[in-house]
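> Sharing a structure here in structure tokens format.
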Amino acid sequence: LLVREMSQAGNDNLTDAEFLRRFEAHALEDFSHRDHIRVAFAYARRGGLRAAVDGSRRIQGFAEALGAPRKYHETMTVGWAHIVGRRAVASAPLPFPAFVDAHPELLRRDLLSAHYSRELLGSARARAAFVEPDLAPLP
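Counting in our numbering, the sequence shown runs from 3 upward without gaps.
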């Protein structure tokens, strides 16, 4: 996967519908941390927290299609989907760039460290299947 810096907004010009269409077709040219956030955001706006989690799990197929199956991490994906999905459902109906501006903490890649120890998040078990946090519950 090609990963840009988090502050860049390469796919922000797409509507949520077009972004998800390209994501589902494995047709995004690159995929940043910001795009991971957008997947959860867009699915949450479509159907709530469960949709954010289920939709975010499609990242696995996206990674596989791009020849990077080892990049997928189930616990990180589900953990991020919970955090982003809850904020997306609870926030005003902002477009994605404004949502990120309102929640700049989401650009911090270490956000899950408040919930998971390094040991647990770095484990093969956490990569393969979702595990509950060992430090603090997910929101």
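Glycine included, C-beta positions come from ideal geometry on N, C-alpha and C.
Put Pro135 into one of helix, strand or coil per three-state DSSP.
Taking the first residue of the sequence shown as position 1, residue 135 is located at position 133. If DSSP states are grouped into helix, strand and coil, Pro135 belongs with coil.
> Does the Cβ-Cβ distance between Arg40 and Asn13 come in under 9 Å?
Here residue 40 is taken as the residue at index 38 of the sequence shown, counted from 1. Here residue 13 is taken as the residue at index 11 of the sequence shown, counted from 1. Yes, they are a contact pair.
> Under 9 Å between the Cβ atoms of His35 and Phe64?
Your numbering for residue 35 matches position 33 in the sequence shown. Your numbering for residue 64 matches position 62 in the sequence shown. The answer is no: Cβ separation not under 9 Å.
> Compute the Euclidean distance between the alpha carbons of Ala100 and Arg88, then round it to the nearest angstrom.
As a working mapping, residue 100 is identified with position 98 in the sequence shown. As a working mapping, residue 88 is identified with position 86 in the sequence shown. Whole-angstrom Cα-Cα distance: 16 Å.
> Is it buried or exposed for Glu7, if we count other Cβ within 10 angstroms and need 16 for buried?
Looking up residue 7 in the sequence shown gives position 5. Confidence at Glu7 is low in this model, with a pLDDT of 39, below 50, so the placement of that residue is unreliable and no value is reported for it.
> Measuring CB to CB, does Glu76 end up less than 9 Å from Ala130?
Counting from one through the sequence shown, the residue named residue 76 turns up at place 74. Counting from one through the sequence shown, the residue named residue 130 turns up at place 128. Their beta carbons are under 9 Å apart, which means Glu76 touches Ala130 by this criterion.
> How is the alpha helix (DSSP H) around Phe98 delimited, first residue to last?
Along the sequence shown, read from residue 1 onward, the residue named residue 98 stands at position 96. Counting along the chain, the alpha helix (DSSP H) containing Phe98 begins and ends at Phe98 to Ala104.
> Give me the residue from Asp56, Trp82, Ala42 and Ser125 with the minimum Cα distance to Arg110.
Taking the sequence shown and counting its residues from 1, the one referred to as residue 110 is at position 108. Ranking the options by Cα distance to Arg110, first place goes to Trp82.
> Between His117 and chain C, is the shortest Cβ-Cβ distance under 9 Å, so that the two count as touching?
You won't find chain C in this structure, because it holds only one protein chain.
> Are there 16 or more other CB atoms within 10 angstroms of the CB of Leu123, so buried, or fewer, so exposed?
Walking along the sequence shown from the start, residue 123 turns up at place 121. It counts as buried.
> Quick check: Ala46 and Phe21, are their CB atoms within less than 9 Å of each other?
The sequence position of residue 46 within the sequence shown is 44, counting from 1. The sequence position of residue 21 within the sequence shown is 19, counting from 1. Result no, Cβ atoms of Ala46 and Phe21 do not sit closer than 9 Å.
> By a C-beta neighbour count over all protein chains shown, 10 Å radius and 16 as the cutoff for buried, is Asp103 buried or exposed?
As a working mapping, residue 103 is identified with position 101 in the sequence shown. So Asp103 ends up on the exposed side.
> Classify Glu31 as helix, strand or coil using the three-state DSSP reduction.
Along the sequence shown, one-based indexing puts residue 31 at 29. Coil, per DSSP.
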